[in-house]
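Numbering (the working numbering), first residue to last: 2 to 356.
Notes follow the structure.
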């Protein structure tokens, strides 16, 4: 059995502004029951100028700002001369050169007419399908639940399917007008915050599978090489955390990099991470707006599940919550079975850190 003081999290939460109580935000929502997606996406990311230069649909033709194509690696957008808009792919030299005032364009050496282009302020809009196909990109439309249309332009390096991208903007569960009352009723319960890591591919005992099977609340901590599927699964379960083996400023830099990568998919940045084990290093994490969690109890292959279980219940007699880290091992299966059978559901509840 291992027991580690969890006091630092309280200090961290106070400095971080109480992230424990925060719900996962949904980008683009204008009301609790309304989600409006950005009109344009390049790969997995929303077009950063969507508010000022959105998708325009005219007579069934989808027009996008020409500079959107410049966000793809190896593609340049320029105006070599007055009235000449050029979209050029560097690796194979495919291009479309549009004469903006003449309705003509040179497409990979062939001149074509009837090319539609217009200007809105300083923004040139081009036919998305024509420009994308010319430089080897793909387009796909998204019909939103509210009837609006979005367009996605991709180069083959995207991580999410279009369905996954769309789903990431919608709440995982419908709004419940009684949810607040239910949470109020749960305030008197003792909370067990279960923490776990993404299981190894060859793990014999997978904590995550057991927690999902038993429908227990938990928080999954993810590393830099986490798969997209695992990330979306973690987000669907509520708040998630991120991991680093570094310490101090190096830990902050690594966590920021992980958050940056994940946020392109989830549209959200988490504040939770595991404690580095030293106060000075954790203090740097707190200063960078992270909440390092120190488990009160750890169950690994060297632990005795029965002893940890008894100690945890005794600890909860004097405290309102505890943090329980579960590793992928047989002892973890034992303690979860004890929790299922012997814990009073009217007194204790397993929780995600966001609850």
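Quick reminder that beta carbons are idealized off the backbone N, C-alpha and C, glycines included.
Would you tell me roughly how many angstroms separate the C-alpha atoms of residue i and residue j, rounded to the nearest one?
i           : j           : result
residue 193 : residue 349 : 7 angstroms
residue 324 : residue 161 : 33 angstroms
residue 159 : residue 45  : 6 angstroms
residue 50  : residue 71  : 13 angstroms
residue 75  : residue 156 : 11 angstroms
residue 240 : residue 353 : 7 angstroms
residue 259 : residue 332 : 31 angstroms
residue 145 : residue 307 : 51 angstroms
residue 30  : residue 147 : Below a pLDDT of 50, predicted positions are generally treated as unreliable, and residue 30, at 39, falls in that range; the measurement from the model is reported next regardless. Approximately 12 angstroms, taken between the alpha carbons.
residue 111 : residue 105 : 10 angstroms
residue 319 : residue 275 : 24 angstroms
residue 321 : residue 211 : 25 angstroms
residue 164 : residue 305 : 44 angstroms
residue 244 : residue 279 : 15 angstroms
residue 116 : residue 127 : 9 angstroms
residue 26  : residue 317 : Reliability fails at residue 26, whose pLDDT of 30 lies under 50, so the model's placement of it is uncertain and the value that follows must be treated cautiously. The straight-line gap from Cα to Cα measures roughly 31 angstroms.
residue 167 : residue 315 : 46 angstroms
residue 216 : residue 139 : 40 angstroms
residue 143 : residue 191 : 44 angstroms
residue 23  : residue 270 : Confidence in residue 23 is poor, its pLDDT being 35 and thus under 50, which makes the residue's placement unreliable; the coordinate value appears in the next sentence. When rounded, the distance between both Cα atoms is 12 angstroms.
Take residue i and list the residues in its own chain whose beta-carbon comes closer than 8 angstroms to its own, dropping the five residues that flank it on each side.
i           : result
residue 69  : 41, 43, 48 and 154
residue 135 : 88, 95, 96, 97, 108 and 109
What residues match up with residue i in a beta bridge as DSSP calls it?
i           : result
residue 57  : 64
residue 73  : Paired residues: none, contrary to the question.
residue 242 : 222 and 273
residue 42  : 47 and 153
residue 90  : 76
residue 261 : None; residue 261 has no bridge partner.
residue 107 : 98 and 112
residue 118 : 127
residue 142 : 152
residue 82  : 85
Measuring CA to CA, which of the options is closest to residue i?
i           : options               : result
residue 330 : 205, 105, 231 and 343 : 205
residue 102 : 62, 261, 84 and 131   : 84
residue 67  : 99, 213 and 320       : 99
residue 302 : 335, 121, 118 and 112 : 335
residue 141 : 97, 201, 65 and 147   : 65
residue 213 : 281, 73 and 341       : 341
residue 202 : 346, 280, 171 and 228 : 228
residue 171 : 316, 39, 311 and 351  : 39
residue 262 : 226, 300 and 207      : 226
residue 56  : 129, 233, 114 and 81  : 129
residue 80  : 54, 125 and 114       : 125
residue 346 : 218, 250 and 53       : 218
residue 281 : 296, 257, 252 and 300 : 252
residue 61  : 123, 150 and 53       : 150
Among residues of its own chain, excluding the 5 on either side of residue i, which ones have a beta-carbon nearer than 6 angstroms to its beta-carbon?
i           : result
residue 298 : 4, 309, 313 and 325
residue 73  : 156
residue 286 : 293
residue 355 : 239 and 240
Between which residues of its own chain and residue i is the CB-CB distance below 7 angstroms, once the five residues before and five after are set aside?
i           : result
residue 221 : 197, 199, 209, 235, 238 and 241
residue 90  : 75, 76, 96, 136 and 137
Check whether the Cβ of residue i lies closer than 6 angstroms to any heavy atom of the ligand GDP, and answer yes or no.
i           : result
residue 285 : The ligand GDP is absent from the structure shown, which contains no ligand whatsoever.
Quick check on residue i - is its C-beta less than 7 angstroms from some C-beta in chain B?
i           : result
residue 267 : Any reference to chain B falls outside this structure, which holds one protein chain only.
Quick check for students: name the residue ranges of the beta strand (DSSP E) that lie wholly in the region 283 to 349, counting only runs of 3 or more.
292 to 294, 298 to 300 and 322 to 327
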